[in-house]
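Chemist: Note that full-length UniProt numbering has the sequence shown beginning at 1, numbered continuously upward.
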Amino acid sequence: MTFIDIHKKDFLDCVNIIEKRMLKNLRDHPVNFINFMRNSLNETSNLNEFKEELGGPNNRARKAHDFYGWMAKDDAWGACRGSLYRSENYMNIPLEKRSGKKKDRGEGFCIHIEHTIPVNVILKSIWHSRETFRYIANDQMLQKKLYETFLSLSVCTAVTWEEEKACVPIEYRDEHPDFVDGQLLNKDSLNEVLPFQRYNFENGLRLFEVINGTEISPDKWSLKDHSELMSTVNIYEWNYVSTLSCF
């Protein structure tokens, strides 16, 4: 098996774990999270309040990513197992040795989940689109649109700890070059955003998506490509996710 085959299986095993968790009424279940986001959009009066609700002490948005295995911390769905996108160096670490623990930083097997579009930018983008969401009268359609928008911006990449320190320029630590204060810069739609242009590839960074094994070209891979890739995995489809929630 190639490292892509191994990591595709690793990803699909994680999908099975997540699917089983979707049957439980968990606080960070996607349906509960989207309902919380919808209520927050209606109840908050400004961006700072909205960011505090979703990204404050409880960090609901980050935990929504954790639910999908987009996290480095240890767990059955941790160690970045849910990541669609992985660096070559990350995939060269033996699966059983991967560690996101602070004590292992500096070791060759220490890993990191990169929120390729920072959560801060995701929340700003959703806030700036709030009027669009408010025009959706049907609650089920609103839930679906919020979910799809959140996931379309949720590009999370598994890298090594050393790569994380080198691949993100300091000016983009909490930002993305295609956004200014959460609003699109020189783009007509989110589909045109190039998420991986936030990274510095000069040190040999190579990224792959694990479904088809395609190497990511940062100048070409767009959020449209990301959404199309996600549509091939049932746990990212709202119609499927909402039917699993029996609560």
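In this text, a Cβ means the ideal position worked out from N, Cα and C, and glycines have one as well. Bear in mind that the values here come from a model prediction, so they are computed numbers and not experimental data.
Please state whether DSSP places A137 in a helix, a strand or coil.
Modeler: If DSSP states are grouped into helix, strand and coil, A137 belongs with coil.
Chemist: Bridge partners of I4, per DSSP?
Modeler: Per DSSP, none; premise fails for I4.
Chemist: What are the residues that DSSP puts in a beta bridge with A158?
Modeler: Answer is R86 and I113.
Chemist: Have a look at G78 and L184 and give me their C-alpha separation to the nearest angstrom.
Modeler: Spanning the two alpha carbons is a distance of roughly 32 Å.
Chemist: With contact counted as at least three CB pairs below 8 Å, one residue from each stretch, are the segment 93-100 and the segment 139-155 in contact?
Modeler: At 8 Å Cβ cutoff, the stretches do not touch.
Chemist: For L96, tell me which candidate among L26, V193 and I111 has the shortest Cα-Cα distance.
Modeler: The question names Leu, but residue 96 is Glu in the sequence shown. Selected option, being the one with the closest Cα: I111.
Chemist: Cβ of S87 within 8 Å of Cβ of R173?
Modeler: No, the Cβ-Cβ distance between S87 and R173 is not below 8 Å.
Chemist: Using CA coordinates, which residue listed in H65, E49 and M22 is at the minimum distance from A158?
Modeler: Selected option, being the one with the closest Cα: H65.
Chemist: Checking the sheet assignment: what are the DSSP bridge partners for Q183?
Modeler: Paired residue(s): V180.
Chemist: Name the two residues that bound the continuous alpha helix (DSSP H) containing E209.
Modeler: Note, E209: premise wrong, no alpha helix (DSSP H); beta strand (DSSP E) at L207 to E209.
Chemist: Which first and last residues belong to the alpha helix (DSSP H) in which F67 is found?
Modeler: From DSSP, the alpha helix (DSSP H) with F67 extends over R60 to F67.
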